[in-house]
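Residue numbers (this note's numbering): 26 to 431. Backbone N, C-alpha and C define an ideal beta-carbon position, used for all residues, glycine too. Values in this document were obtained by computation on a predicted structure and should not be read as measured data.
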Ligand code: HGY
Ligand code: MN
Ligand code: MN
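In structure tokens form, the structure reads like this:
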């Protein structure tokens with residue numbers, strides 16, 4: 026593998042793609058936006074020069090295909106193309122580019138593969154625009170329902186409209202389900218400190234935490250901030266804080282480690298001298314143990330009941346619900362062997378972050394491989410990777426795909 030050439034091109038790709046992904050100076054590439062469109066144009070041209078047949082499915086997942094000689098089975102490799110708001114350059118995109126460079130190099134050295142290979146850039150995994158997330162990977166395994174397309178973004182645009190405007194065909198989303206996929210491989214930065222602190226080169230993921238995202242709406246009464254006595258108010262924010270301020274207590278009490286994060290909060294009307302009557306916020310709950318997630322949701326519901334007693338309305342909606350999953354054990358063992366044979370230190374581990382692999386894995390044998398990111402930081406513009414880690418991931422992925430397809 027001509028590592029120097031690959032690394033030079035890879036760094037150029039990251040720089041070019043970052044340029045197209047800036048919204049008001051911050052990196053944010055939500056799906057079905059002009060940033061997404063620009064980056065797809067760049068990637069389509071780049072993949073075509075590398076011999077891929079490029080297409081987009083009904084959900085606008087970006088696909089680069091290399092036809093196999095013998096079989097109609099396909100090995101799928103890739104990750105998501107979208108980012109969180111004010112996000113990092115490598116979350117998702119690194120796994121997509123690693124798939125391209127690994128396959129390009131394998132075809133150069135070994136010629137046409139026996140099995141077909143497809144690199145996929147999934148849409149809206151992060152849910153930074155449509156909070157339910159994992160939309161592209163859910164389409165590939167046929168989990169998307171017609172009702173999912175009614176979800177609206179902050180501007181009130183539905184997923185259906187957004188996909189159509191971008192050139193997709195929501196009505197055909199069932200056809201986006203792929204029946205030819207034999208196995209799925211995702212390479213990703215760890216997004217946490219465990220692998221980096223272990224000093225190992227590769228993380229072989231055996232399980233991915235479950236995730237449940239609640240959207241909680243509290244409706245009170247709008248009043249004058251100066252004349253309304255505290256005891257007569259129905260202050261939506263003051264009561265919402267009764268839930269928010271209990272996140273640490275609820276997560277400390279779960280048997281297995283858990284997290285709960287309020288990442289989005291909308292308040293109305295939003296004037297300093299007006300008691301707010303409307304608050305809507307999300308709670309992102311994670312754990313490897315479904316019981317821990319249930320405990321936190323139950324704790325939140327109990328607090329919600331006390332808020333209702335105070336005369337306010339509370340609505341709790343579940344907008345994302347991915348159970349904890351185990352990845353394919355045979356693939357995990359095969360990848361352990363590969364790391365040993367190729368002389369890569371590795372660490373079998375759990376993923377605290379969610380990934381498209383957790384949507385795919387219940388349907389198709391899947392493997393998730395990590396490389397460290399600097400300081401374990403992610404979902405921040407400070408997200409960084411070393412060039413050594415970038416190449417380690419591509420090297421290992423190349424050997425994994427060689428064994429699968431050549
Ligand atoms: O939120 C996650 O864990 C993933 O980055 N979507
Ligand atoms: Mn990701
Ligand atoms: Mn992410």
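Short of 7 Å in beta carbon distance, which residues of its chain neighbour residue 206, apart from the five on each side in sequence? Order them along the chain. By one-based count along the chain shown, residue 206 stands at place 181. Correct list, in chain order: 99, 101 and 389.
Among the candidates 76, 46 and 116, whose CA atom is the shortest distance from the CA of residue 62? For this step, residue 62 is matched to residue 37 along the chain shown. Among 76, 46 and 116, the Cα nearest to that of residue 62 belongs to 46.
Rounded separation between residue 69 and residue 79 - CA only: Within the chain shown, numbered from 1, the residue matching residue 69 stands at position 44. Within the chain shown, numbered from 1, the residue matching residue 79 stands at position 54. Roughly 6 Å separates the two Cα atoms.
Beta strand (DSSP E) runs wholly inside the stretch 79-108, at least 3 long, in chain order: 87-91 and 99-105
Between residue 41 and the rest of its own chain, which residues show a CB-CB distance below 8 Å, the 5 nearest in sequence each way excluded? If you number the chain shown from 1, residue 41 lands on position 16. Hits under 8 Å: 67.
In terms of residue numbering, what span does the beta strand (DSSP E) encompassing residue 178 cover? Locating residue 178 in the chain shown gives position 153, where the first residue counts as 1. Segment: none, residue 178 is in no beta strand (DSSP E) and carries neither H nor E.
By a C-beta neighbour count over all protein chains shown, 10 Å radius and 16 as the cutoff for buried, is residue 229 buried or exposed? The residue labelled residue 229 in the question sits at position 204 within the chain shown. Buried is the call here.
Only counting the same chain, and skipping five residues up and downstream in sequence, which positions put a Cβ closer than 8 Å to that of residue 122? To locate residue 122, count along the chain shown from 1; it is residue 97. Result list for residue 122: 35, 38 and 39, in chain order.
Taking C-beta to C-beta, are residue 248 and residue 304 nearer than 9 Å? Reading the chain shown from its first residue, position 223 is the one you call residue 248. Reading the chain shown from its first residue, position 279 is the one you call residue 304. Against a cut-off of 9 Å, the Cβ pair of residue 304 and residue 248 comes out as no contact.
Check for me: the alpha helix (DSSP H) holding residue 320 runs from which residue to which? Against the chain shown, residue 320 aligns to sequence position 295. Here the alpha helix (DSSP H) through residue 320 covers 315-334.
How many angstroms separate the CA atom of residue 363 from the CA atom of residue 428? Against the chain shown, residue 363 aligns to sequence position 338. Against the chain shown, residue 428 aligns to sequence position 403. Those two C-alpha atoms are separated by around 9 Å.
When burial is assigned at 16 or more other CB atoms within 10 Å of the CB, is residue 255 buried or exposed? Here residue 255 refers to the residue found at position 230 when the chain shown is read from its first residue. Exposed is the call here.
Simplified DSSP state of residue 222, which is helix, strand or coil: Against the chain shown, residue 222 aligns to sequence position 197. Note: residue 222 maps to helix in three-state DSSP.
Where does residue 253 fall in DSSP's three states? The residue labelled residue 253 in the question sits at position 228 within the chain shown. Correct three-state label for residue 253: coil.
For residue 380, count neighbouring C-beta atoms within 10 Å of its own C-beta (all shown protein chains included) and say buried if the count is 16 or more, exposed if not. Locating residue 380 in the chain shown gives position 355, where the first residue counts as 1. Flag for residue 380 reads buried.
9 Å Cβ cutoff met for residue 416 and residue 118: Within the chain shown, the letter at position 391 stands for residue 416. Within the chain shown, the letter at position 93 stands for residue 118. In this structure, residue 118 does not lie closer than 9 Å to residue 416 by Cβ.
So who's on the other strand from residue 376, going by DSSP bridges? Stepping through the chain shown from its first residue, residue 376 is reached at position 351. DSSP, once it has assigned bridges, lists 233 as partnering residue 376.
Alpha carbons only, please: which of 222, 139, 384 and 161 is nearest the one belonging to residue 146? Position 121 of the chain shown, counted from the first residue, corresponds to residue 146. Put simply, of 222, 139, 384 and 161 the residue whose alpha carbon is nearest the alpha carbon of residue 146 is 161.
First and last residue of the beta strand (DSSP E) that includes residue 293? As a working mapping, residue 293 is identified with position 268 in the chain shown. Taken as a continuous stretch (DSSP letters only), the beta strand (DSSP E) holding residue 293 covers 290-293.
Which word fits residue 334, buried or exposed, when buried means at least 16 other C-beta atoms lie within 10 angstroms of its C-beta? Position 309 of the chain shown holds residue 334. So residue 334 ends up on the exposed side.
Excluding the 5 residues preceding and the 5 following residue 348 in the sequence, name in chain order all residues of the same chain whose CB lies nearer than 7 Å to its CB. Looking up residue 348 in the chain shown gives position 323. Closer than 7 Å at the Cβ level, and outside the excluded window around residue 348, lie 235 and 315.
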